[in-house]
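In my numbering, the protein residues as written are 239 to 455.
We treat Cβ as the ideally placed atom computed from N, Cα and C, and that holds for glycine.
See structure below.
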Amino acid sequence: MDWQTQSSSTFLKTLVTMGPFIPIAALRQQPLKITQEHFEKYRRYLQFLARTQLPNHLRSRMDPSDIVQQSLLQAHAAAGDFRGSSDGELMAWLRSIVAGVISHTIRDQHRDRRDIFKEQAIQQRLDQSSVFLANAFMAAIPSPSAMIEKEELARSIAELVEQLPEAQRDAVILHYWQEIPLKQLAEILDKSPAAVAGLLQRGLATLREQASGKKLS
Numbered sequence: 239m240d241w242q243t244q245s246s247s248t249f250l251k252t253l254v255t256m257g258p259f260i261p262i263a264a265l266r267q268q269p270l271k272i273t274q275e276h277f278e279k280y281r282r283y284l285q286f287l288a289r290t291q292l293p294n295h296l297r298s299r300m301d302p303s304d305i306v307q308q309s310l311l312q313a314h315a316a317a318g319d320f321r322g323s324s325d326g327e328l329m330a331w332l333r334s335i336v337a338g339v340i341s342h343t344i345r346d347q348h349r350d351r352r353d354i355f356k357e358q359a360i361q362q363r364l365d366q367s368s369v370f371l372a373n374a375f376m377a378a379i380p381s382p383s384a385m386i387e388k389e390e391l392a393r394s395i396a397e398l399v400e401q402l403p404e405a406q407r408d409a410v411i412l413h414y415w416q417e418i419p420l421k422q423l424a425e426i427l428d429k430s431p432a433a434v435a436g437l438l439q440r441g442l443a444t445l446r447e448q449a450s451g452k453k454l455s
């Protein structure tokens, strides 16, 4: 079914349906040579994913762009260790680095010891976030090539969310990705429930319009 013909409730439900991350292992060729262009290509995508994992009480102290910048610096330093051969594998590798930086930053805020299980949990949620981004537009992954296409679709949608006006973007991420109820979200954003509902409605409408213009279906 074309995503544009879905009801709003079905579309929104799809957005928050987390599917398992499926690694790409079928297209083993020569190792991919990572360039600065790769890092810039995925910056907004990683920024979106980092934003979805920031605890609400730390949002004012942790900037997703700083997290991604630190992650990309680490990725640049470790580029020689990357053994993947596709952009999909590169995206997964970058997500793992972002997960480590987020975990480290949260740990510093709470003065905790490193918890490898928390770090793995963050990475898993990042993987899932990437997958259900594309699940709003693609129902299945019939082949490795389709998986690559799905990863690219997730990147494109993440960029659209990042380009929303700040109030709409924050409302959409907090409600649909962090699953914060409308009443609680209104308190967090210091707005009335009706105003927050309007932000969500306009944000989703903008995403639909932009996705349609880019033919993301």
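Counted as a single uninterrupted DSSP element, the alpha helix (DSSP H) harbouring E425 occupies residues L420 to L427. Shortest Cα-Cα distance from R289 to any of W415, G322, H276 and S450 involves W415. Around the Cβ of A337, a 10 Å sphere holds 16 or more other Cβ atoms; the residue is buried.
If you draw a straight line from the Cα of L287 to the Cα of A396, it comes to about 8 angstroms. Contact between the region 439-452 and the region 403-413 is present: three or more C-beta pairs spanning the two stretches fall below 8 angstroms. Membership of H276 in the alpha helix (DSSP H) is indicated by the continuous run Q274 to K279.
Residues of the same chain with a CB within less than 8 angstroms of the CB of P269, apart from the 5 flanking positions on each side, are F320, R321, G322 and S323 in chain order. Taking C-beta atoms as the reference points, E400 and R299 fail to come closer than 7 angstroms. Separation of the CB atoms of L310 and P302 is rounded to 12 angstroms, and the pair is thereby denied contact status at 8 angstroms. In this structure, the straight-line span from the alpha carbon of S334 to that of L284 is close to 11 angstroms. In this structure, the alpha-carbon of T273 lies about 26 angstroms from that of H342. Here DSSP, grouped into helix, strand and coil, assigns D319 to helix. About 12 angstroms separates the Cβ atoms of F277 and A316, ruling out a contact at the 8 angstroms cut-off.
Between P403 and L420, the gap from beta carbon to beta carbon reaches 7 angstroms or more. C-alpha of A449 to C-alpha of E390: approximately 13 angstroms in a straight line. Boundaries cannot be given for D301, as no alpha helix (DSSP H) includes it and DSSP labels it neither H nor E.
Judged by DSSP in its simplified three-state form, P403 adopts coil rather than helix or strand. Exclusion of the five residues before and after W331 leaves A313, F320 and G322 as the residues of its chain whose Cβ lies within less than 8 angstroms of its Cβ. Taken atom to atom, the span from the alpha-carbon of L423 to that of Q406 is near 12 angstroms. Sequence-distant partners of I344 (beyond 5 residues in either direction) whose C-beta falls short of 6 angstroms from its own C-beta are missing from its chain.
Under a 10 Å Cβ-count criterion, G318 is classified as exposed, with fewer than 16 other Cβ atoms of the shown protein chains found around its own Cβ.
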